[in-house]
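Trainee: First the structure, then my questions, so here it is.
In my numbering, the protein residues as written are 60 to 389.
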């Protein structure tokens, strides 16, 4: 019997979100709208700037957000990532376990990683990430029994930026292949595609069963200017593809078929975690009896709901009745 729908492998971070104005972004000389890796002293300075502002804190990181979404929809999930032996790390583990997620963690001696998410009035999010303890994830941390008992593993591309975390990602995929567990992989960020394009292609043409990307990542990866052509080119090598197009919706490709999925018309407040939520909705759907088209509709609606609020967790979760309705779509 399969114990988990999805087993996630990723950076274990605590997200600290705040609404700010553009003047703060300019004063701190930050690159607006993108994720930047920063050292601990820089992160400490940014967090000091946020002192006194209303803050939202939750267990985060790209794969962790997706695993939380799977659990929120009613799926069974597990996660492995590295935290420190500190209060922030204890918060991460407790937050995940409270959602019913099995968390496999052997704490490191470094502080727990954090991601400061600065959200401006135009809904752009500027993220500063200090990975800290999360970079100490190794192949030895990957629990074979959890992968054996999962339908899918979900690996975030950010892991490929470090030697030990890359080894952990590849170990997870190796064990998945050994036990017949499907492999989902996300491109994570356009900068990553530009940096390791050939390696990502090797994964797509190799072990990856389901590839997640957004429009910019797909275009960078393939060289195609049209996202539909880009998705089709990727689908020539990957069995399943999910390409998000922001407010325009998404394209899901499975079994040689293409399913255009409608966008959701909402007022965007914060785009944090939209792609992670989309991946969670799709993974929940395909591991719980939905067709790929039905799962795509659920994922799209979930992503639309998440951008209309603050933070990467749904304020108003989908009820079991809501989720069931998607499984009854044509």
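Note that beta-carbon positions come from the ideal geometry of N, C-alpha and C, so glycine has one too.
Given 8 Å as the limit, is there contact between the stretch 158 to 168 and the stretch 199 to 211, that is, 3 or more CB pairs closer than that?
Mentor: Contact between the stretch 158 to 168 and the stretch 199 to 211 is present, because at least three Cβ pairs lie under 8 Å.
Trainee: Curious, which full-length beta strand (DSSP E) runs of at least 3 residues does the stretch 82 to 128 contain?
Mentor: Qualifying beta strand (DSSP E) stretches, in chain order: 94 to 96 and 115 to 119.
Trainee: For the stretch 132 to 184, which segments carrying the beta strand (DSSP E) assignment without a break, of at least 3 residues, lie completely within its bounds, in sequence order?
Mentor: Listed in chain order, they are 136 to 139, 161 to 163 and 172 to 178.
Trainee: In the structure shown, what three-state DSSP assignment does residue 60 receive?
Mentor: Unreliable positioning characterises residue 60 in this predicted model, as indicated by a pLDDT of 49, which lies under 50. The coordinate reading is nonetheless provided below. Coil, per DSSP.
Trainee: Are the Cβ atoms of residue 179 and residue 335 separated by less than 8 Å?
Mentor: Going by C-beta atoms, residue 179 is not nearer than 8 Å to residue 335.
Trainee: Following the continuous alpha helix (DSSP H) through residue 294, name the residue where it begins and the one where it ends.
Mentor: From DSSP, the alpha helix (DSSP H) with residue 294 extends over 286 to 294.
Trainee: Tell whether a beta-carbon distance below 8 Å holds between residue 201 and residue 231.
Mentor: Yes. Within cutoff.
Trainee: If I'm right that residue 193 touches residue 71 with Cβ under 8 Å, what's the distance once you round it to whole angstroms?
Mentor: Yes, they are in contact, since the Cβ atoms of residue 193 and residue 71 sit about 5 Å apart, within 8 Å.
Trainee: Do residue 144 and residue 166 have their beta-carbon atoms positioned less than 8 Å apart in this structure?
Mentor: Contact: yes.
Trainee: According to DSSP, which residues form a beta bridge with residue 67?
Mentor: Paired residue(s): 138 and 213.
Trainee: With a CB to CB cut of under 6 Å and the five nearest residues on each side skipped, what residues in its chain are close to residue 216?
Mentor: If we look at residue 216 and ignore the five residues flanking it on each side, its Cβ neighbours are 245, 246, 247 and 251.
Trainee: Following the continuous beta strand (DSSP E) through residue 349, name the residue where it begins and the one where it ends.
Mentor: That residue, residue 349, is in no beta strand (DSSP E); it is neither H nor E in DSSP.
Trainee: Using beta-carbon positions only, say whether residue 309 and residue 344 come within less than 8 Å of one another.
Mentor: Going by C-beta atoms, residue 309 is not nearer than 8 Å to residue 344.
Trainee: Please report the distance separating the alpha-carbon of residue 102 from that of residue 95.
Mentor: Cα to Cα, residue 102 sits roughly 11 Å from residue 95.
Trainee: Looking at the secondary structure, which residues open and close the beta strand (DSSP E) in which residue 78 lies?
Mentor: Counting along the chain, the beta strand (DSSP E) containing residue 78 begins and ends at 72 to 78.
Trainee: Beta carbon of residue 303, beta carbon of residue 210: below 8 Å?
Mentor: In this structure, residue 210 does not lie closer than 8 Å to residue 303 by Cβ.
Trainee: Which value, in whole angstroms, describes the spacing of the CA atoms of residue 288 and residue 74?
Mentor: Going from the Cα of residue 288 to the Cα of residue 74 covers about 35 Å.
Trainee: Take residue 91 as the anchor and find which of 98, 82 and 168 has the nearest alpha-carbon.
Mentor: If we check each option's Cα against that of residue 91, 82 comes out closest.
Trainee: From residue 387 to residue 133, what does the alpha carbon distance come to, in whole angstroms?
Mentor: Taking the straight line from one Cα to the other gives about 17 Å.
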